[in-house]
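Each residue of the sequence shown is one higher than the one before, counting from 498 in the numbering used here.
Think of the CB as a built atom: it goes at the ideal place given N, C-alpha and C, for glycine as much as any other residue.
Below is one structure, written out as structure tokens; the observations come after it.
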Amino acid sequence: MTALDFLSQAYRLDLRIDSKLEQLASLNELATKCTTTISGMPRNPNHNVSSMANVVAKIVDLQREIDRDIHQLMDIKRQIAASIKAVENKEYQTLLELRFLCGCTWEEVAIKMGYSIQHTYRMRDRALKKVVVNASGE
């Protein structure tokens with residue numbers, strides 16, 4: 498695993514969590530739309546209860562999945578922070594923290610640090626060479 502792959506793990510997992518949160522919002526909206534239709538025709542009274550139970554079960558499963566992903570994200574960010582802290586150059590540390598822990602774009606990093614985008618990319622390349630990939634979190 499390259500340093501860039503290692504450092505980018507948090508961003509990708511954060512995107513997956515956001516996607517699951519959108520799915521959860523959609524399921525919650527669906528659950529509120531489940532209503533009983535009133536008509537004169539006899540129907541199976543358990544049909545709506547069954548579909549509502551299925552939606553609720555999916556919501557609970559997705560919430561558990563999101564919780565697991567959030568815990569994994571916290572562990573990954575802790576590993577990334579430790580790897581960044583091991584870089585001796587403080588400017589490189591700041592650059593890497595802004596990008597990989599705070600989620601800033603490279604353009605935002607350049608503005609915050611007061612550098613041109615070209616200089617920021619040069620610093621990025623140098624900083625990535627200093628990162629020791631420690632996927633075990635130790």
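Cutoff 6 Å; reference residue i; Cβ partners in own chain excluding five residues on either side
| i | result |
| --- | --- |
| residue 634 | Only weak support exists for where residue 634 lies, its pLDDT of 45 falling under 50; the value from the coordinates is given anyway. Excluding residues within five positions, the ones whose Cβ falls inside 6 Å are 576. |
| residue 624 | 589, 592 and 593 |
| residue 503 | 630 |
Residue nearest to residue i in terms of C-alpha spacing, selected from the options
| i | options | result |
| --- | --- | --- |
| residue 587 | 628, 510 and 520 | 628 |
| residue 520 | 507, 601 and 557 | 557 |
| residue 590 | 621, 613 and 612 | 621 |
| residue 655 | 548, 572 and 512 | Because the chain in this structure spans residues 498 to 635, residue 655 falls outside the shown range and cannot be described. |
| residue 568 | 510, 502 and 603 | 510 |
Own chain, CB closer than 8 Å to residue i, minus 5 neighbours either side, in chain order
| i | result |
| --- | --- |
| residue 517 | 559, 562, 563 and 566 |
| residue 607 | 613, 614, 616 and 617 |
| residue 598 | 507, 574, 577, 578 and 581 |
| residue 609 | 595 and 601 |
| residue 626 | 500 |
| residue 505 | 597 |
Beta-carbon proximity of residue i to residue j, cut-off 8 Å
| i | j | result |
| --- | --- | --- |
| residue 500 | residue 584 | no |
| residue 514 | residue 592 | no |
Residues near residue i in its chain [Cβ-Cβ closer than 7 Å; skip 5 each side]
| i | result |
| --- | --- |
| residue 604 | 614 |
| residue 535 | Residue placement at residue 535 is flagged as unreliable, the pLDDT there being 49, under the threshold of 50; the coordinate-derived value follows with that caveat. Nothing meets the Cβ criterion. |
Given 8 Å, three or more beta-carbon pairs between the stretch 508-525 and the stretch 552-562
Short answer: they touch.
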